[in-house]
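The block underneath contains the structure these notes are about, expressed in structure tokens.
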Amino acid sequence: MMFEKLFEKRSLIGENPFDWTSWIKGEDSDFSNNDSTYTKCINLYSDNIAKLPIITKISTEKGDIDANNFYLYELLRLRPNPSMNAFECIKALVAMNKHYGSAGLYIDYDKKGLVKGLYPVKINQFIVDNAGLIKSTKENKVLVDFTCGDMNGSCFEKDIIILRDNSINGISFRNTRSYIKDSIDTNIKAQKYQAQLFSNGLTNKIVVQLTSDIKEEKELKKVQNKFDKMYSNNGRVFTVPAGYNVSALNLSLADSQFAELKIIGKKDITSAIGVPYSLIEKGSLTEEETIAFLSNAIIPIITALEQEMDWKLLSEDEREAGYKIRFNVNAMLRTSPLTQSIIIDRYLKDGAYTVNDAKRILGVPLVDGGDIVTLPSGQITLDNLIKGNATWQKGANDKKGGDEIE
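Residues are numbered in my numbering as their position in the sequence shown, beginning at 1, plus a constant of 27.
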């Protein structure tokens, strides 16, 4: 049976099915040999997603709170597997998804059926049992072949968290690199041309014109040999004998709009991947650009991850108990100290934050009694204001004290 043969590989692997000896090589040549702008965009894209903490939460009468005692809390927040921290694991997953078009987190279970490890893997193919090869009533009809390091493995779809890039029908996918292949190839050629130009001392190809009437091949070769000797002996500067003329063959960088074309290529790549061009050009984003980056590029992929994790990492009983897995997007919305103080002060005055909530955000020690919500004095409903129940209205009408503050 086809499925049994595929699973024979996995059964021979042993208790720990992952071999990380490929890390000795240090890099993936398939990725690092690409254009520098493309590589930087992939890294920035995956870094911004990986830096968002993954928190397990539970629904209570007071809202969603952190489930610190849940067994997945430390695994998702700190160490998904013994060889990677959470940042490295999610970064590898997102980078492979964007580079190859799909990627997965293989779920490793212990003997009790609990999750003990998550491993980022490259998905090679999906095998759908539409011919009824498996004689079973279980819904295990899709097999996933993957690569982790130098090891190939297989698992059912329920045992792996899957991401698909550029998918229209939810099944097929395509890597972003295929859409911008021309821009990447052009940028690589431009980098090589620029490097070659600098190695030649910023000297383009030249044409040596002979103004004499020498036409014999032997005599011409002698003249060429003389030029070769003078050029090699004197480095990048040589004298031209009388009767010869030297002129440039190529256009200059300015004439060919070299800089403008490189910028256009970079913008094509950043736009396709979803990274703002300002992040490549200046290395920073404004608050408006950060929000646009978050909503347009980051939120879609973390929404897919949250839904996959909720469905495949949590059992039905755990979901019914109110457990859920969420990314903390507030980690990306960091503002300047002045703006942060204004926001916290406003939330504190309006009762959205308690004093201790504000102190947690600032990272300072909590105080006793700081968990009580406070409201500013002097507020009154519009209905009481129309009825003349405000303090100053009562004092003017019936000389009575007391406030009707709501």
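Just so you know, even glycine gets a beta-carbon here, dropped at the ideal spot from N, CA and C.
Would a C-beta distance cut-off of 8 angstroms place residue i and residue j closer than the cut-off?
{"i": "V155", "j": "V171", "result": "no"}
{"i": "I116", "j": "N124", "result": "Position check: residue 116 holds Cys in this sequence, whereas Ile was assumed. Going by C-beta atoms, C116 is not nearer than 8 angstroms to N124."}
{"i": "L71", "j": "L306", "result": "yes"}
{"i": "K149", "j": "F173", "result": "yes"}
{"i": "K289", "j": "N214", "result": "yes"}
{"i": "R353", "j": "I85", "result": "no"}
{"i": "M359", "j": "I326", "result": "no"}
{"i": "K339", "j": "K185", "result": "yes"}
{"i": "I211", "j": "I291", "result": "no"}
{"i": "L144", "j": "F200", "result": "One detail in the question is off: residue 144 reads as Gly in this sequence, not Leu. Result no, Cβ atoms of G144 and F200 do not sit closer than 8 angstroms."}
{"i": "I369", "j": "Y380", "result": "no"}
{"i": "N1", "j": "G349", "result": "Any property of residue 1 remains undetermined from this structure, which presents the chain solely from 28 to 433."}
Where does residue i land, buried or exposed, given buried means 16+ other C-beta within 10 angstroms?
{"i": "T313", "result": "exposed"}
{"i": "T401", "result": "exposed"}
{"i": "E198", "result": "Correcting the residue type first, residue 198 is Ile in the shown sequence and not Glu. Its Cβ having fewer than 16 others within 10 Å, I198 is exposed."}
{"i": "P303", "result": "buried"}
Report all residues from its chain with a CB closer than 8 angstroms to the CB of residue i; omit the five preceding and five following residues, and keep chain order.
{"i": "K386", "result": "P392, L393, V394 and G397"}
{"i": "C337", "result": "Note on residue identity: the sequence assigns Asp, not Cys, to residue 337. These residues qualify, in order along the chain: R346, K351 and I352."}
{"i": "V356", "result": "L79, L321, I325, I326 and I329"}
Considering only residues of the same chain and omitting the five flanking positions on each side of residue i, which have a CB-CB separation below 6 angstroms?
{"i": "N383", "result": "L393, G397 and D398"}
{"i": "E335", "result": "I188"}
Please list, in chain order, all residues of the same chain as residue i whose beta carbon is under 7 angstroms from its beta carbon, the five residues on each side excluded.
{"i": "H126", "result": "F58, I69, N202 and R204"}
{"i": "A299", "result": "T203, Y206 and I207"}
{"i": "P403", "result": "K376"}
{"i": "P147", "result": "C116, A119, L120, M123, A130 and L132"}
{"i": "L105", "result": "N112 and A113"}
{"i": "I76", "result": "I117, V121, I325, I328 and I329"}
Quick check: does the Cβ of residue i come within less than 7 angstroms of any heavy atom belonging to the ligand GTP?
{"i": "I215", "result": "You won't find the ligand GTP in this model; it holds no ligand whatsoever."}
Is the CB of residue i under 8 angstroms away from at least one CB in chain B?
{"i": "T418", "result": "Absent from the structure is chain B; it holds one protein chain and no more."}
Within the segment 82-145, ranges of the beta strand (DSSP E) (whole runs, at least 3 residues): 90-93 and 129-136
Would you list, in sequence order, the uninterrupted alpha helix (DSSP H) runs of no fewer than 4 residues that lie entirely inside the segment 335-402? 343-347, 364-376 and 382-389
Closer than 8 angstroms is the cut-off here; do at least three beta carbon pairs connect the segment 98-109 with the segment 374-386? no
I'd like to know if the segment 90-99 and the segment 313-327 are in contact, where contact means that at least 3 CB-CB pairs between them fall below 8 angstroms. no
Across the segment 329-349 and the segment 177-193, are there enough close Cβ pairs to call them in contact, namely three or more that are closer than 8 angstroms? yes
Fully enclosed by the segment 159-213, which beta strand (DSSP E) runs are 3 residues long or longer? 169-175, 178-183 and 187-191
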